[in-house]
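First residue of the sequence shown? That's 398 in this note's numbering, and the numbers climb one at a time after it.
Remarks on the structure that follows.
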Amino acid sequence: MAGHMPRIILHLDMDAFFAAVEERDEPRFARRPLVVGADPKGGKGRGVVSTANYAARKYGIHSAMPISEAWRRAEAAKKQGEPEAVFLGGSFKKYAEVSERIMALLRARAVIVEQVSVDEAFADISEMGNFGSAEKFARELKTEIQKKERLTCSVGIGPNKLIAKIASDRQKPNGLTVVGPELVEGFLAPLPIRVIPGIGPKTGAALARKGITTIAELQKLPLEVLVADFGKWGSDLYGKARGEDDSPVEERGEAKSVGEQETFEEDTKDMNILTARLKSLASEVHRRFTKDGFKTFRTVVFTVRFADFETKSRAHTLSEPAHTRESLEFEALKLLLPFIDRRENPKGKKIRLIGVRVEKLTS
Ligand code: TTP
Ligand code: MG
Numbered sequence: 398m399a400g401h402m403p404r405i406i407l408h409l410d411m412d413a414f415f416a417a418v419e420e421r422d423e424p425r426f427a428r429r430p431l432v433v434g435a436d437p438k439g440g441k442g443r444g445v446v447s448t449a450n451y452a453a454r455k456y457g458i459h460s461a462m463p464i465s466e467a468w469r470r471a472e473a474a475k476k477q478g479e480p481e482a483v484f485l486g487g488s489f490k491k492y493a494e495v496s497e498r499i500m501a502l503l504r505a506r507a508v509i510v511e512q513v514s515v516d517e518a519f520a521d522i523s524e525m526g527n528f529g530s531a532e533k534f535a536r537e538l539k540t541e542i543q544k545k546e547r548l549t550c551s552v553g554i555g556p557n558k559l560i561a562k563i564a565s566d567r568q569k570p571n572g573l574t575v576v577g578p579e580l581v582e583g584f585l586a587p588l589p590i591r592v593i594p595g596i597g598p599k600t601g602a603a604l605a606r607k608g609i610t611t612i613a614e615l616q617k618l619p620l621e622v623l624v625a626d627f628g629k630w631g632s633d634l635y636g637k638a639r640g641e642d643d644s645p646v647e648e649r650g651e652a653k654s655v656g657e658q659e660t661f662e663e664d665t666k667d668m669n670i671l672t673a674r675l676k677s678l679a680s681e682v683h684r685r686f687t688k689d690g691f692k693t694f695r696t697v698v699f700t701v702r703f704a705d706f707e708t709k710s711r712a713h714t715l716s717e718p719a720h721t722r723e724s725l726e727f728e729a730l731k732l733l734l735p736f737i738d739r740r741e742n743p744k745g746k747k748i749r750l751i752g753v754r755v756e757k758l759t760s
């Protein structure tokens with residue numbers, strides 16, 4: 398089982414997401430500064446910038462900035478002879494569809510996925526076993542997203558969600574930053590404290606008054622001092638400055654799926670072991686599905702990771718919604734079989750991990 402392995406967490410964040418989708422779909426915008434957001438109305442517009450591509454960010458334009466300010470900056474740049482910016486209203490429906498397809502690509506490779514926003518997700522990939530394999534996993538994921546969606550993303554990998562999240566932001570755009578457990582302190586030390594999620598203007602200003610702007614400086618503050626100043630949040634800060642975070646990756650909110658996975662002690666292609674473990678996984682998925690208040694599922698997804706880490710998923714959508722443990726077991730078993738024979742496993746590779754997930758849920 399995965400219990401005693403070090404955790405390996407991946408964080409994926411699409412680059413300049415809304416703007417990148419527009420650039421992709423409208424070649425005439427390619428390489429031009431692009432601002433997605435409210436109508437600027439020649440500088441009189443109200444509302445804000447949703448996002449700007451990297452060319453527009455060079456003009457100082459960024460998310461949440463008043464659109465009138467963005468307009469002013471774009472005009473100033475134009476006067477300097479820089480390319481004229483394009484302002485677009487954007488289509489949230491389109492971005493949501495692209496987002497769904499990207500999340501599906503991630504879910505086809507990782508069983509435990511937590512989507513945190515339209516363009517951002519965590520995956521627990523501890524079963525990769527080591528950070529080298531995890532890095533390869535991330536490269537393949539990035540390549541697939543590039544190939545299928547013609548979009549770039551940035552990925553961070555770390556021993557927990559905190560480090561993975563900070564890491565994905567370090568080399569944007571199109572970055573990949575891997576921080577193994579032994580590198581955590583050194584990775585954090587030179588960074589400004591505001592990269593720590595939760596340190597906003599208020600905590601930032603309070604720490605700045607103490608002369609603290611980098612995480613290295615924050616690391617030097619004793620626990621008692623932080624608790625005296627910030628209470629419970631102070632002790633959280635103490636841990637975060639050291640890169641500590643044990644929060645699990647979990648599908649939350651209105652879960653779109655319920656899934657479980659298991660890594661075997663030893664790679665196997667023994668049919669008896671595989672069916673026994675699959676049944677136990679299916680029971681566990683069914684237990685959580687019921688506990689979380691779901692009534693029916695329509696899609697069953699089965700994932701295998703072979704001994705060489707190649708990962709494949711197969712899904713089956715039923716013509717009618719189902720709800721019993723038996724039907725889940727039965728469907729999962731049907732999905733497993735091709736991985737044991739020639740159809741999906743021509744080289745007869747052993748299996749390292751299996752996962753079962755239900756989707757298209759009703760509650
Ligand atoms: P982000 O991931 O924060 O930004 P981004 O993807 O545009 O750029 P980056 O390369 O730095 O990751 O947000 C994802 C999308 O969410 C973004 O494209 C537009 C939308 N969004 C808003 O509408 N308003 C906001 O204030 C922010 C931050 C994002
Ligand atoms: Mg993003």
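By construction, the Cβ of each residue, glycine as well, lies at the ideal position given by its N, Cα and C atoms.
Among 482, 719, 637 and 402, whose alpha-carbon lies nearest the alpha-carbon of residue 756?
If we check each option's Cα against that of residue 756, 719 comes out closest.
Starting from residue 713 and walking both ways along the beta strand (DSSP E), at which residues does that stretch end?
Residues 708-719.
8 Å Cβ cutoff met for residue 470 and residue 487
No, the Cβ-Cβ distance between residue 470 and residue 487 is not below 8 Å.
Simplified DSSP assignment, three categories, for residue 500
helix
For a test of your reading of the model: does the CB of residue 415 fall under 7 Å from any non-hydrogen atom of ligand 2? Yes or no.
no
Could you check the C-alpha separation between residue 666 and residue 747 for me, to the nearest Å?
5 Å
Going by the CB atoms, is the gap between residue 696 and residue 713 shorter than 8 Å?
yes
Taking all protein chains shown into account, do 16 or more other C-beta atoms lie within 10 angstroms of the C-beta of residue 637, making it buried, or fewer, making it exposed?
buried
Sort out for me which residues DSSP pairs residue 514 with in a bridge.
517
Does the Cβ of residue 679 lie closer than 7 Å to at least one heavy atom of ligand 1?
no
Rounded to a whole number of angstroms, what is the C-alpha to C-alpha distance between residue 574 and residue 600?
27 Å
At what residue ranges does the region 593-634 contain a whole run of the alpha helix (DSSP H), taking only runs of 4 or more?
As far as the region 593-634 is concerned, its whole alpha helix (DSSP H) runs of at least 4 residues are 598-606, 612-616 and 620-627.
Residue 411 (DSSP reduced to helix, strand or coil):
strand
Could you check how far apart the C-beta atoms of residue 754 and residue 656 are, in whole angstroms? I think they sit under 8 Å.
3 Å
Between the Cα of residue 750 and the Cα atoms of 508, 609, 484 and 447, which residue gives the shortest distance?
508
Taking the runs of the beta strand (DSSP E) that are 3 residues or longer, which of them lie wholly in the region 539-582?
550-555 and 573-575
Hey, is the region 703-717 in contact with the region 615-622, meaning 3+ C-beta pairs nearer than 8 Å?
no
Start and end of the beta strand (DSSP E) containing residue 432?
431-434
Opening and closing residue of the beta strand (DSSP E) in which residue 701 lies:
694-703
Check whether the Cβ of residue 462 sits closer than 7 Å to any heavy atom of ligand 2, and report yes or no.
no
Classify residue 460 as helix, strand or coil using the three-state DSSP reduction.
coil
Quick one: Cα of residue 549 to Cα of residue 622, how far?
42 Å
Excluding the five sequence neighbours on either side, which residues of its own chain have a C-beta within less than 7 Å of the C-beta of residue 760, listed in chain order?
690, 691 and 692
Sorted by chain position, which residues of the same chain lie with C-beta nearer than 6 Å to residue 567's C-beta, five sequence neighbours on each side aside?
574
Quick one: give me the first and last residue of the alpha helix (DSSP H) that residue 682 is part of.
668-688
Less than 8 Å separating the beta-carbons of residue 383 and residue 413?
Lying outside 398 to 760, the shown extent of the chain, residue 383 is not represented and no answer is given.
Closer than 6 Å by C-beta to residue 398: which residues in its own chain qualify, once you throw out the five before and the five after it? Chain order, please.
Interpretation of residue 398 is limited by its pLDDT of 44, a score under 50 that renders its predicted location unreliable; no figure is taken from the coordinates.
According to DSSP, is residue 654 helix, strand or coil?
Strand, per DSSP.
State yes or no: is the C-beta of residue 485 within less than 8 Å of the C-beta of residue 418?
no
Within this structure, are the beta carbons of residue 560 and residue 592 separated by less than 8 Å?
Contact flag unset, no.
Would you mind stating whether residue 532 and residue 499 have Cβ atoms separated by less than 8 Å?
no
With a threshold of 8 Å on Cβ separation, who are the neighbours of residue 586 within its own chain once the five nearest residues in sequence on each side are excluded?
611, 612, 613 and 616
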